[in-house]
Amino acid sequence: MKGNGRIIEYALSTLARRKFKNFSIAVVFSALIAVLSSILFLTHAYKTETLKLLDNSPEIILQNMSGGRHELIPTEYIKTLSGIAGVGQITPRYWGYYYDSLTSANYTLMAVDENMRDIQLIDGRMPQTDTECAVGRGVADLRQAGLKDDFFLITGAELSVNLKIVGIFTANSAILTNDLVVMTKDSLIKFFNMPADKATDITVEVNNPAEVSMVARKIRRAFPNSRPILKNELIRTYDNIFNWRGGIVLTMFFGAIAAFMIFVWDKATGINAQERREIGILKAIGWETADVLTLKFWEGAVVATGSFLTGLILAYVHVFYFNAQFLAPVLKGWSVLFPRFQPMPYIDIYQIFVLFFLTVVPYVAASVVPSWKAAISDPDAVMR
Amino acid sequence: MSKKSLICALLLLAISVTAYAAEPHKPSPSDKCAVCGMLVGPHSKWLAQIIFKDGTVAFFDGPKDMFKFYCDIPKYNPNKTQADIEDIYVTEYYTAKPVKAQTALYVVGSDVMGPMGKEFVPVTPDKANNFMVDHKGQKTFKFDEIKAADLQSGETGMSHAVHKH
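Which chain is which? The protein sequence lines are A and B, in order. Taken in order, the first sequence gives residues 1 to 384; the numbers are from the working numbering. Taken in order, the second sequence gives residues 385 to 549; the numbers are from the working numbering.
As structure tokens, this is what we get:
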């Protein structure tokens with residue numbers, strides 16, 4: 001048995017002798033890993049981000065329905081809701097969407113409320129009077145506005161509303177607060193022209209998670225026209241959406257994966273006469289089958305692991321430094337209008353292992369097996 | 385002693401006495417149920433605890449195990465008796481907050497399962513009827529009505545299977 005270090009040294013020099021073949025395999029291999037892990041990274045980052053966001057969301061969001069569409073909800077429902085056993089805090093929420101033609105972007109306008117727990121002010125404070133507002137960082141960047149700047153909104157009646165920006169905030173999660181504009185309840189009601197006794201929806205906290213479905217059932221019985229949205233339903237839906245989108249993208253690349261498989265198979269298994277001869281010579285000068293296999297193993301491992309790591313790094317840079325420019329439009333969906341959304345680098349080690357075992361291991365196996373066939377035959381026959 | 389200092393002393397005494405009334409404790413992640421040995425951290429909505437006069441606490445992963453302990457303290461902790469108990473807390477079902485065990489009613493036979501299967505579900509008396517209807521409860525007990533025999537009977541299910549072999 002030769003020293004393993006010597007064998008690796010020899011493997012590297014063998015690789016260097018066939019520069020073109022190995023280099024082209026490495027390029028294709030890295031590109032494929034980069035694409036696959038970009039998808040995995042991005043899907044995982046979005047999912048984690050959304051789940052983090054839902055962490056603080058109330059157990060039940062109650063919407064009013066009319067004709068199968070979401071409608072404003074009467075605030076008098078609160079009295080009945082508070083009578084249900086197990087219900088904690090009940091809060092009416094006032095919000096709506098606003099399309100800003102100036103920047104061609106959608107904003108979410110929301111009334112300020114004491115338990116906006118996940119909002120962190122970077123600068124300034126929350127709005128206190130009807131002429132003030134606070135904006136998410138995305139909006140501030142888009143409008144190129146800072147503290148104390150004016151913020152124009154056009155109402156449906158072609159009247160403009162002029163608010164002063166008194167705060168700029170960010171949040172644990174960038175997805176939803178990026179496009180958020182927070183103002184006082186009164187100015188929001190006036191802006192959207194909402195009736196005084198109605199809210200957009202009502203959030204209901206339930207103290208004991210075991211009781212959520214019972215509370216939801218009672219709400220449905222009390223208000224047949226309402227739709228209670230449960231937190232775990234939301235989590236499941238988001239999870240499905242991202243899995244589905246990730247799946248679609250993966251399917252698109254299925255052709256690429258298949259092509260790679262054929263390529264790898266061809267390059268790695270197609271042992272040519274020269275390689276056979278080489279194995280024969282090694283055996284003739286006293287190498288054992290085990291040594292030849294170790295050599296081939298290292299050749300495969302160096303190429304595959306090297307390309308795998310290169311691909312991972314490329315994907316990481318693509319997703320977390322360049323905001324996944326190539327993939328984001330497909331996966332994100334709703335906030336395409338927003339130029340800046342920096343996904344947090346959440347990485348699932350499990351996914352990386354799966355990817356490793358699906359690509360590196362088959363490659364190494366594919367390069368060892370044919371050499372094994374050559375190595376167990378008689379050196380004399382192989383060389384001839 | 386002047387009148388003023390006497391008042392001060394009395395005030396101080398009053399403050400220290402109120403401060404001494406045992407508050408419910410928060411279990412650490414490694415705290416285990418004193419009866420069944422399960423970690424209590426993941427079951428915070430069922431947590432029960434007995435606080436002794438010397439400041440030590442026994443945690444339980446549900447009222448059922450707390451009663452098992454309470455009815456037969458020497459079996460689990462030979463150094464303690466019922467007389468050493470300062471306060472008992474259980475987690476009320478609807479508020480998910482600790483309440484004094486003596487103030488709650490305990491519903492058995494309901495469809496609500498605790499970490500150890502069927503449970504004596506603690507609810508405040510005004511919500512007891514509501515709970516009985518919603519979750520098909522069969523019987524309510526007051527704190528001092530629960531005896532060792534109730535814990536072993538089929539009413540609470542798992543006790544036979546788990547503790548008789």
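Heads up, the beta-carbon is just placed ideally off N, CA and C, and yes, glycines get one too.
Under 7 Å from the C-beta of residue i: neighbouring residues of chain B
i	result
A:A324	Result: empty, since nearest Cβ-Cβ is about 36 Å, beyond 7 Å.
Cross-chain neighbours of residue i in chain B, by beta carbon under 8 Å
i	result
A:E211	Y477, Y478
Closer than 9 Å at the beta carbon, the chain A residues around residue i
i	result
B:K550	Because chain B is modelled from 385 through 549, residue 550 of chain B falls outside the range shown and cannot be assessed.
Sequence-distant residues of the same chain with beta carbon closer than 7 Å to residue i, five excluded per side
i	result
A:A375	I279, K283, T289, V292, L293
A:R340	Only weak support is given to the placement of A:R340: the predicted model assigns it a pLDDT of 48, under 50, and the question is left unresolved by the model.
B:I457	K464, T465, Q466
A:F192	G96
A:M404	Past the boundaries of the shown model lies residue 404 of chain A; chain A is included only from 1 to 384, so the question cannot be answered.
A:S38	A315, H318, V319, A324, L327
B:Y460	A418, V419, F453
A:Y77	I202, F223
A:I271	P370, S371, A374
B:P499	M422, H427, W430, D445, G446
A:D239	K47
A:I235	L51, L54
Whole-number beta carbon distance between residue j and residue i, since they are thought to touch under 8 Å
i	j	result
A:G86	A:V206	6 Å
A:N208	B:Y477	6 Å
B:P411	B:V419	No, B:P411 and B:V419 are not in contact; Cβ-Cβ is about 14 Å, not under 8 Å.
B:M422	B:K429	Their Cβ separation, rounded to whole angstroms, is 14 Å, which puts B:M422 and B:K429 out of contact at 8 Å.
A:S30	A:G311	4 Å
A:S307	A:A26	5 Å
B:T475	B:A432	7 Å
A:L12	A:L355	The pair is not a contact, with the Cβ atoms about 25 Å apart (cut-off 8 Å).
A:I122	A:F169	6 Å
A:F260	A:L32	5 Å
A:R69	A:T103	With 8 Å as the limit, A:R69 and A:T103 do not qualify as a contact, their Cβ atoms being about 28 Å apart.
Contact set between residue i and chain A, taken where Cβ atoms lie within less than 8 Å
i	result
B:K429	N208, P209, A210
Closer than 7 Å: residue i CB and nearest the ligand NAD heavy atom
i	result
B:V505	The ligand NAD is not part of this structure, which contains no ligands at all.
Contact set between residue i and chain B, taken where Cβ atoms lie within less than 9 Å
i	result
A:M214	D518, H519
Cross-chain neighbours of residue i in chain A, by beta carbon under 7 Å
i	result
B:V496	A210
Short CB-CB distance (under 8 Å) between residue i and chain A
i	result
B:N514	yes
Chain B within 8 Å of residue i, Cβ atoms only
i	result
A:P339	Note that A:P339 scores 41 on pLDDT, short of 50, meaning its location in the model is unreliable and no value can be drawn from it.
Own chain, CB closer than 6 Å to residue i, minus 5 neighbours either side, in chain order
i	result
A:P92	T75, A199, I202
B:I530	F451
A:F297	V368
Spatial neighbours of residue i in its chain, beta-carbon cut-off 8 Å, leaving aside the 5 residues before and after
i	result
A:Y350	none
A:A301	V360, V364
B:K523	V491, V492, G493, E539
A:Q15	The residue you asked about is not Gln; residue 15 of chain A is Leu in the sequence shown. Within the same chain, A:L15 has close Cβ partners N22, E299, V302, V303.
A:V212	E59, I60, V206, L230, K231, N232
A:H44	Y346, I347, D348, Q351
B:D528	Q486
B:L489	P506, V507, T508, P509, A512, T524, F525, K526
B:A545	Note that B:A545 has pLDDT 39, beneath the 50 cutoff, so the model's placement of it is unreliable and the number below is only indicative. Nothing listed; no residue qualifies.
A:G124	A134, L147, I165, V166, G167, I168
- Message: Threshold first: 3 residues or longer. Then list the beta strand (DSSP E) segments lying entirely within the stretch 475–549 of chain B, N to C.
- Response: Complete beta strand (DSSP E) runs here, min 3: 482–484, 489–492, 505–507, 523–526.
- Item | Contiguous alpha helix (DSSP H) assignments of at least 4 residues, all confined to the stretch 65–131 of chain A | Taken in chain order, the complete alpha helix (DSSP H) segments of 4 residues or longer contained in the stretch 65–131 of chain A are 77–82.
- Item | Secondary structure, beta strand (DSSP E): runs of 3+ residues fully inside the stretch 176–240 of chain A | List check, beta strand (DSSP E) in window: 180–183, 201–206, 226–230.
- Query: If you scan the stretch 247–289 of chain A from start to end, which runs of the alpha helix (DSSP H) of 4 or more residues do you find wholly inside it?
  - Reply: Along the stretch 247–289 of chain A, the alpha helix (DSSP H) occurs as fully enclosed runs of 4 or more residues at 254–269, 273–284, listed in sequence order.
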